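For the sequence shown, the tail end lands on 1249 under UniProt numbering, and the numbers increase by one without skipping. Beta carbons: idealized from backbone N, C-alpha and C, even for Gly. Please read these numbers as outputs of a predicted model, since none were measured by experiment. First comes the structure, then the notes that go with it.
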Amino acid sequence: MGTSLELDKPKEQHPSCLAGLIQHSSKRDILLLLIGCLASIVSGVMMPLTTILIGSSIKIYASADETTNASDLTRHVNKRVVLLCAIAAGAVVAAYIQTVCWMLASQSISSRIRRAYFRSLLHQDVQSLDDMGVGKLTDTMSSSFTTLQDTLSQKTGVFISSVSTFVSAFIVALVRSWKLALILSTVLPAMFVVTMVISTQVAKNAQSATACILHAHDVVAESVSSVKVVRTLQAQDTLAEKYESSLHRADRALLKKSIWQAAIWTWVFFVRFGVYALALWEGARLFISDNLDMGVLINVLYAVIIGTIALSRVSRSLHEFGVAIGLANELFEMISRDKKGVMSMVQEKKHRSRIHGHVSFCGVHFAYSSRPAVPVLDGLDLTIESGQTTALIGHSGAGKSTIAGLIQQFYEPTAGDILIDGLPISSFDPSDLRSQISFLSQEPVFFSMSVLENVRLGLLGTPFESGTVTDQDKLIEEACELAGIAKVIESLPQGYNTLLGPDGVLLSGGEKQRLAFARAIVRDPRILILDEPTSALDKAAETHIQTVLERVSAGRTVIVIAHRLHTIKHADSIVVLSQGKVAEQGTHKELLQSGQLYRSLFALHQQGTGEDRALSPNSADLGTLRPTTPDVQEKPALGIENDSIECISMTAPGPERASIFVLLLRILRFNQPEWLLLLVGNVGSVISGSLYPFQALLFAKAIVLEQEATSQGDFQRSATRYAVFFFLIALVSGISHGASTFAFSVSFDRMLNRVRSLSFQGILGKGVTWFATDRNSSSSLVFLLLHQYRDLAGLHGVSVSILVEIITNMTAVTIFSVVISWKYALVVISVIPLIFVSYYFRIHTMRTFLRSITEWHRTSTQIACEAITSILTVTSLGAQGHFLNMYDSQLTKASESASLSTWRYSVFFAATQGLIYAVNAFAIWYGARCMEDNSITLYQFFAVFIALTFGAQDSGEALSLLPDLSLAIVAAERVKELSPYQEAKGSPSATSPASVLTTPSLTGHDSIEMEPKDDAITFDDVTFRHPNATAPSIQNLSVTLITGQTIAIVGPSGSGKSTILNLLAGLYTPTSGTITFRDQDIITQHSSISLVPQDSVLFTGTIKFNITLRNPSASDAQIEAACAQAGILNFILSLPAGFETIVRPQELSVGQRQRLTIARALVRDTEIVLFDEPTASLDVESASAIVAAIQTEKRERRKSIVMVAHSPELVMWADVACVVVGGRVVQMGSPGILIKDREGVFTRLMGTT
C-alpha cells in the first residue's frame, strides 16, 4: 500500500502525559514546576491550620463563665487573630509564588509542545493529514493547546492546593480525634471511585460528540471555500441539511454527557453535606461514649467543612484533568510520529550531493491507501535521461502526477525501485533532494504573504538562500520577468510587496500559473517538473512560457506533464502512459511514424482547428491586450489551504452593535423550545443558593450544642436531629445542583447547535464577495461556528444560573445574618465586598491575559494551518523550516506577552487568597469584641460568621466560573449578523431554451449582430470591482445573450473572462449596471444556470453524492449517462465501491475531478451551462469526448453554452467568440470569420499567422 514519507521502522510508543510534559520542559521549567508544586502545597495547608486556631478560640468562649476575666479572654483571642494574620501573609506569598511559577512554566512548555506538534505535522504523510480533517485540525491548533495550557497554568496549581487542603484538613482531624477521622475517611473511596467512573463516562461521551461536531465543520470548510460552486448548484439547502444532520449525530452523546455531568454534581454535593451529617452524628456519639472534648469536636467539624469544600473542588477538576490528559496524549502520540525525528537516526546514511538528474523507475507499483485494489502504476519501467526534456502524456488518471510525487518522495512505491543517478531514491536526504527539484503544480498554491515572499520561497534550500536580500530580490524580479508576470505585479497596489490574500485572490488563474512558474525557475533546479504548466494560459502567454522553458531547460532534466500535445513536440522523449505502464516512448517524429496511440491522440488534437497551426513568433507581445486590472477571481480554496484555520483577522467592519439586553433576548429566543429546561435550571439554582443559611444555622447549633443540651440524652437527640437535617440538605443540594447542571447543559448544547445550523444557512446565503475579507474567510467562519460560538454561554442560561445562585446565596445569607445579629452582621457585611472586588480584578486580569495570548496564537495557528493544508507545496519547496521559524516567532511574542501579564495576574490571585484569610480574621476579632460586651452569643457569632464568610467565598468561586461576557457579546453580534438567508425564487420557463452572448458590430472588426429576444440575458452598462481590487475588472459592459448557441469568451490572462461567468452565474452583484434574464434579475434565475468552474471542486461524500448534489432524485440511468458523456463512467465502475466510493480529492487526478464536475453539470440539466476552461486538465481523448458531450447537449436539448477557453481547438467550434481585454469586449463574431483577420486580437490570441 502506498504511503507517503513513511520509513520501515517499528511503531514508536508515544510517551505518557507526564513523560511528555517532562520531555518538553527545560531545566528552568522543571525548577519552576517543583517550586510551584511546593508553593501550592504550602498554600493548601494554610486554611486547615486556621481550624486549630478557630477551634481553640471556640473552646475558650465555650468554657468561659461569669468569673472569667474579659481582658484575658480578649487577649487569648487576639493572639489567635494575630496568628491568623500571619497565616494570611504566608498564604499570600505562597499563592503568588504558586501562580507565577505555574504560569511561566506552562507558557514555556506549551510553546515547546506547540512547536513540536507543528514540526511533526510538517513531516506527516498526506493521508494522515487528510484523515485528520479540517475541523479536527482547527480544533487541535486553536482549542486543544489552549485547554492544555489553561489546565497546566491555572487548574494544576489549584488542584494541588485543594488536595493539600483536603489532606491537611484530614490530618488535623486525625490528630485531634483519630477515631472520628477514620470513620469519616470511609466516605473517601466511594467519593473518588464514583467520581472517577462518572468522569470517564463524561469524557467518553464528550469525545464522541466532539468527533461528530468536528466532522460537521469539515462541511463548513468545504462549502465556504467553494461557495461559488455551492451557489451555482443551489446546494445551500443540501449542504445545510448535511451539516445539521452531522450535528444531530452528536445529540445522543451530548445528552449522555449531560446526564453524567449532572450525576457528578449530584454526587459531589450529596457527599459534601452528607459528610457533615456523618461527622455530627458520630461526633456526638464519641462525645458521650469517649468523653470527646467539645473544642476538639468543633475543630474536627470545622476541618471537615474546609476539607469537603476542597474535595468538591478536586472532584470538579477530575473531569477537566481527564479531558486535558486525553488531549495531551493525542498531541504526544502525533509528536512521537515525527518523521524528522526518525530520519535523524539514519541521517548519516543519506546522500547530500549535487545530483545530475538521471531518473529510473524499475518495476514500480503504486496504489493509494484508500484504494489499494486500484493500481495507479503497475510495473512501471521508465528512464528519464539527465539533461533532457521528457514529456509524460496519457489519459487523466494514468499516473503522470503520481510519478512527479514519487520523484519528490511524497509517496513510497508499493513495490519496485526508483533510482536517482543510479542510487536508490531512499538513500537521498529528502530535503536535500527536493532543494534540487522544482515542481510546478497544475493547481498552484500561494500563501498569505506578499508576492515577493511567495516567490522567495523558491530559494529555500538553495545556495541563493544565504545571499543578501538585494541579490535575492534581483533574482526574483528576473524570474518574474522571464515568466511574463512582472508587468502584472508592477500594476498591483504595492507592486511586489502586495499581499496576495487567500490563495492569490488578486490574480487570475493564468497569472497565478505564471507566478508559480517564476517561483519554480528562480530555484535553478537540477530537475524541473512541470504539471500542465500552461493549462490556464492563453495562446500568446503559452508561447512565451514555451520560449522561456527552452532557455531554462538547457543543462537540466525537465519533466513535462502535458495534454496540449503541440507544447511537447520538441521534447527529447515523449512517454505515453496507459494503465500504469509505458505504452509508447520516443520523439514526436518517431511516435508519429510508429506509435499508434500517440498518433491517434495527436490526430484528435488537430481536429479542433483542422490544421496544425504554427505558433506566431510575435504572439507573445500583448502590449495592447494587457488588462488594466487583474481578473479578480473569487477563489477561496478548500478550507484552510488559503486562509489557515486561525486566520481570524477581523479587519472588516462588522454590523452595528446592539445592546446587551437585545442580544440576550435574541440568544434566549434560540432556546425557546427548551423553556421548561431553563425554568428547571433556574429553580435549581435558586434552591442551591438558598441552602447556605440552613448550613450556617445547623453548624452554629452544633457548635453550641453542649451549652444548650440539658442532658446527654438531649445532646444525642439534638445531634441526631441536626444530622438528619444535614442529610436532607445533602439530598436537596445534590438534586438541585444535578437538575440545574443537566437542564443548562442540555439546553445550551441544543441552542448552540441550533445557532450553528441557522448561522451556516445564513453564511451560505451571503453574496460571494462577502467572503473576500479575512473576517469572512473559510478558516474564520469555521473557527466562529466551532469555537467562538461556545462563548455564547456568557449570554445563556448557564450564566444566568450562576448569577441567580450568587444573588440568591448572598441575599439569603445577608437576610439571615441581619436577622440573627444585625449589629455584628452589618460590620462583617461591610468588608465582604473586598472579596468580590478581588475576585473581579483577578477574573478580569486573567481574561485580559487570555484574550491577549489568544490573539497571538491566532496568528501562529494561521501560519500552521496554512502550511499543513498546503503540505505538498510546502514540502516541495522545502519550506518546513521557514514556516516553523515563522511559527516560532509568533510563539515567542506570545510568551513575552504572557510573561508581562503573569506578574499582574499573580498579584490579584494572591490578594484574593489573602483577603479571604483577612476577612475571616477580622470577623473573628470583631466577633470576639461583640461577645466580650455581650452584644452577641456564641451561637449568633458562628451563625453569622459561617453564613457570610463561607457564603461569600463560595459565591466568589462561582463568579470565577462565569463565562466571559465580552466574548459572548462578540459571538452574539455575529449570530445577529448571520440571520438565515432568504433565497430569491425565480420562475424560469422550462420550455424556453436559454441564450448566448452576442453584441452589436464593433467598428473595424467582423462580427455578428442579432436581434435580442424576449428571454435574452442582457448586460446593461455593467461595471464590477472586486472588494480587494483598486480598479474594476469589468467596465461598462453592454451585451445581450441570445438563445441556443455556444459562445467562447477569450482574452489574455486577467482580462475579466471568469468574472463575466461569475456575474452570469449570479455569484457577483455588479458594482453598477444590471444583468437581467427574461427581464428579471439574473440572481433570481439560479435554477436555470449551471457553472463548471476552472477549479474542480468535490465535497466530502460519495461519488454519487457529488454528482447528484443539486439533483438527488436523479435515476441511476441518468447518472451513468452523464458520467459516460463526461468520460468518467469506466473509471468509476472500476472502483471497488463504484458510485459509493468516498471521494478523496488528492487521490484523484485533476482531470478526473474535472470530468466529475462536468458530469454533475450534465445531471443537473439546466438551460444555461457555463464552463470555465472545461478541457484545461484533460488529455486529448477526454477533451474530445467532453467537446462531443457539450455539442450533444446543445444540439439535442437546445442548451446555451458559455465557456471561457484558451485552447484554439475548443474555441473554433463555438458559434460566437467574444474577445475580452481589460474588462471590455473588443471583438466579437464567428471564430471562422474572426480568424481571417490576421492582425486582429482574436487571431493573435489563438497564436496563428
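Assign residue i to buried or exposed, taking buried as 16 or more other Cβ atoms, counted over all protein chains shown, within 10 Å of its Cβ.
| i | result |
| --- | --- |
| V632 | Any answer about V632 is weak, because its pLDDT of 35 lies below 50 and its placement is not dependable; what the coordinates show is given next. Buried, by the Cβ-count rule. |
| K228 | buried |
| Q1080 | exposed |
| Q940 | buried |
| M751 | buried |
| P413 | buried |
| M1246 | buried |
| L900 | exposed |
| V219 | buried |
| A1137 | exposed |
| L18 | exposed |
| N205 | buried |
| K27 | exposed |
| V202 | buried |
| Q236 | buried |
Using the C-alpha atoms, what's the distance from residue j back to residue i?
| i | j | result |
| --- | --- | --- |
| S906 | S110 | 19 Å |
| F760 | E244 | 9 Å |
| S40 | G157 | 6 Å |
| G914 | V92 | 5 Å |
| F744 | H215 | 25 Å |
| A211 | F883 | 28 Å |
| V575 | S1184 | 20 Å |
| R754 | F670 | 7 Å |
| V1163 | A968 | 45 Å |
| Y926 | R112 | 51 Å |
| S508 | G1054 | 5 Å |
| Q707 | G283 | 16 Å |
| P533 | T151 | 50 Å |
| A367 | T1100 | 21 Å |
| A398 | S578 | 6 Å |
| L1210 | E896 | 59 Å |
| L537 | D1095 | 14 Å |
| N920 | S177 | 25 Å |
| Q596 | V364 | 25 Å |
| M191 | Y302 | 20 Å |
| L1135 | L664 | 53 Å |
Bridge partners of residue i, per DSSP?
| i | result |
| --- | --- |
| L1037 | V1022 |
| H787 | Per DSSP, none; premise fails for H787. |
| M1228 | C1218 |
| L419 | S360 and P424 |
| Q585 | V575 |
| M1203 | A1048 and F1171 |
| V1092 | F1171 |
To the nearest whole angstrom, what separates the beta carbons of residue i and residue j, a pair I think is in contact under 8 Å?
| i | j | result |
| --- | --- | --- |
| I1017 | F1077 | 5 Å |
| H452 | F464 | Per the sequence presented here, residue 452 reads as Leu, with His not at that position. Not confirmed; about 14 Å, so no contact. |
| A541 | G510 | 6 Å |
| L959 | Y839 | 5 Å |
| L1064 | I1089 | 7 Å |
| L148 | A324 | 6 Å |
| A702 | Y722 | 6 Å |
Would you say residue i touches the ligand MN, meaning its beta carbon is less than 8 Å from a heavy atom?
| i | result |
| --- | --- |
| L327 | This structure simply doesn't include the ligand MN, nor any ligand for that matter. |
(request) Only counting runs of 4 or more residues, tell me where the alpha helix (DSSP H) segments fall wholly within the stretch 1096 to 1125, in order along the chain. (result) Qualifying alpha helix (DSSP H) stretches, in chain order: 1103 to 1107 and 1116 to 1125.
(request) Please go through the stretch 699 to 727 and give each complete alpha helix (DSSP H) segment of 4 or more residues, from N-terminal end onward. (result) Runs found: 705 to 708.
(request) Would you list, in sequence order, the uninterrupted alpha helix (DSSP H) runs of no fewer than 4 residues that lie entirely inside the stretch 139 to 199? (result) Every alpha helix (DSSP H) of 4 residues or more that sits fully in the stretch 139 to 199 is shown, in chain order, as 145 to 150, 156 to 176 and 178 to 185.
(request) Please list the segments of the alpha helix (DSSP H) lying wholly inside the stretch 900 to 956, counting only runs of 4 or more residues, in order along the chain. (result) None, since the stretch 900 to 956 contains no complete alpha helix (DSSP H) of that length.
(request) At 3 residues or longer, and completely inside the stretch 468 to 524: list those beta strand (DSSP E) runs for me, N to C. (result) Complete beta strand (DSSP E) runs here, min 3: none at all.
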